[in-house]
Amino acid sequence: MLELYYFPTATCGLKARLAAEEKGVGYVSRVLDRDAGELNTPAYRALNPQGVVPTLVHDGRVLVESSVIMRYLDDAFSGPDLMPETAGDRADANLWMKRADEGYLPALGALTYAIFVRHKVLEKSPEDLQAYYDAIPDPARRAHRISVVERGLDAPEVVPAAKRLAGMVAAIETAVQRSKWLAGPRRSLADAAIIPFVERLHQLGGLWLAERPALDRWWARVTARASYRATAEAQRDRPREAAMRERGRAALPKLSGIA
Ligand SMILES: N[C@@H](CCC(=O)N[C@@H](CS)C(=O)NCC(=O)O)C(=O)O
Numbered sequence: 409m410l411e412l413y414y415f416p417t418a419t420c421g422l423k424a425r426l427a428a429e430e431k432g433v434g435y436v437s438r439v440l441d442r443d444a445g446e447l448n449t450p451a452y453r454a455l456n457p458q459g460v461v462p463t464l465v466h467d468g469r470v471l472v473e474s475s476v477i478m479r480y481l482d483d484a485f486s487g488p489d490l491m492p493e494t495a496g497d498r499a500d501a502n503l504w505m506k507r508a509d510e511g512y513l514p515a516l517g518a519l520t521y522a523i524f525v526r527h528k529v530l531e532k533s534p535e536d537l538q539a540y541y542d543a544i545p546d547p548a549r550r551a552h553r554i555s556v557v558e559r560g561l562d563a564p565e566v567v568p569a570a571k572r573l574a575g576m577v578a579a580i581e582t583a584v585q586r587s588k589w590l591a592g593p594r595r596s597l598a599d600a601a602i603i604p605f606v607e608r609l610h611q612l613g614g615l616w617l618a619e620r621p622a623l624d625r626w627w628a629r630v631t632a633r634a635s636y637r638a639t640a641e642a643q644r645d646r647p648r649e650a651a652m653r654e655r656g657r658a659a660l661p662k663l664s665g666i667a
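With this note's numbering applied, the sequence shown corresponds to residues 409 to 667, in that order.
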């Protein structure tokens with residue numbers, strides 16, 4: 409049995425879900441309610457000690473870390489190959505996944521919280537807010553979260569995050585000018601790793617996405633795929649996205665000049 413734990417708006421969960429769809433692997437969705445604290449229950453923490461998504465459980469084996477899960481899905485099941493054919497393109501795919509894990513995810517988290525999620529978090533009572541911070545096990549992640557929630561767009565994490573994501577968009581444009589997909593002529597885990605970031609930038613009002621013709625053509629190919637329709641498209645929360653777009657557009661003047 410294959411079970412995937414995620415919450416629908418999670419970037420990292422979407423990476424794993426796109427990979428599973430592209431591989432043609434069915435799984436049981438274990439959808440967690442982040443706002444109801446379901447990432448913090450002892451049962452979930454036993455699977456994923458950091459209290460984050462995604463978590464994959466395959467016949468009792470527990471896997472964490474979205475990139476590890478994506479590679480596992482590709483290795484463990486038969487179906488179309490999700491890594492590129494040549495060594496050079498595979499190196500490119502590995503680099504995209506590494507950048508996503510180490511750079512783009514913390515950057516996108518900073519912006520999403522600073523622009524949008526903080527407003528909801530700040531509705532908590534002082535006691536609940538403290539409990540919310542205390543529930544983040546990793547001290548560095550906790551400090552980062554406190555900073556962006558408390559200071560919003562004035563948090564010191566925001567400008568480096570914006571630079572990182574503007575750089576990501578420029579790197580995508582260059583890559584897909586050269587080849588049809590991010591790491592060569594066929595879609596790969598590189599695309600599954602990066603699609604959720606572009607999806608979020610669209611949701612935030614299109615930050616840095618203007619005048620990127622090759623990226624636009626790649627995005628049209630992405631959104632036409634069954635894997636995208638079965639995941640991102642199928643679980644759209646339109647009211648939430650409208651609110652996010654509005655907050656994103658309000659932040660545009662401050663952020664769009666950063667590159
Ligand atoms: N490096 C981890 C990061 C996991 C992560 O940070 N997941 C986010 C969603 S993208 C999460 O669960 N956040 C919990 C929260 O927002 O409280 C991975 O790639 O799986």
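Think of the CB as a built atom: it goes at the ideal place given N, C-alpha and C, for glycine as much as any other residue.
Assign residue i to buried or exposed, taking buried as 16 or more other Cβ atoms, counted over all protein chains shown, within 10 Å of its Cβ.
i	result
P661	exposed
V566	buried
G487	exposed
S475	buried
V596	What sits at residue 596 in the sequence shown is Ser, not Val. By the 10 Å Cβ count, S596 comes out buried.
T520	buried
E535	exposed
L447	buried
P423	Pro is not the amino acid found at residue 423; the sequence shown has Lys there. Buried is the call here.
A454	exposed
D546	exposed
D500	buried
Y436	First, the residue type needs correcting, since residue 436 is Val and not Tyr in the sequence shown. Exposed, because fewer than 16 other Cβ atoms sit within 10 Å of the Cβ of V436.
D483	exposed
L530	exposed
V461	buried
T639	buried
Who does residue i pair with in a DSSP beta bridge?
i	result
L412	S437 and L464
G592	W589
V470	V465
What does a CB cutoff of less than 7 Å around residue i pick up in its chain, not counting 5 residues either side in sequence?
i	result
G613	R653, G656, R657 and L660
I554	Y541
V630	D599, I603 and Y636
F485	K431 and V433
Whose C-beta lies closer than 6 Å to the C-beta of residue i among residues of the same chain, with five residues either side of it excluded?
i	result
L537	none
Y480	L471
R526	V557 and G560
E493	none
A667	A574
With DSSP run on the structure shown, which of helix, strand or coil describes residue i?
i	result
R572	helix
S475	helix
R550	helix
P457	coil
W616	coil
T520	helix
A642	coil
M491	coil
L447	coil
F485	coil
I580	helix
R633	coil
E535	helix
A563	coil
G665	coil
P604	helix
P514	helix
T417	coil
L530	coil
P545	coil
G432	coil
Sorted by chain position, which residues of the same chain lie with C-beta nearer than 8 Å to residue i's C-beta, five sequence neighbours on each side aside?
i	result
Q611	E649, M652, R653 and G656
I544	G459, R550 and R553
L623	V577, I580, E581, V584, V606 and L617
P564	S555
Report whether the distance from the Cβ of residue i to the nearest heavy atom of ligand 2 is below 7 Å.
i	result
E473	By its list of ligands, the structure shown excludes ligand 2, since it contains just ligand 1.
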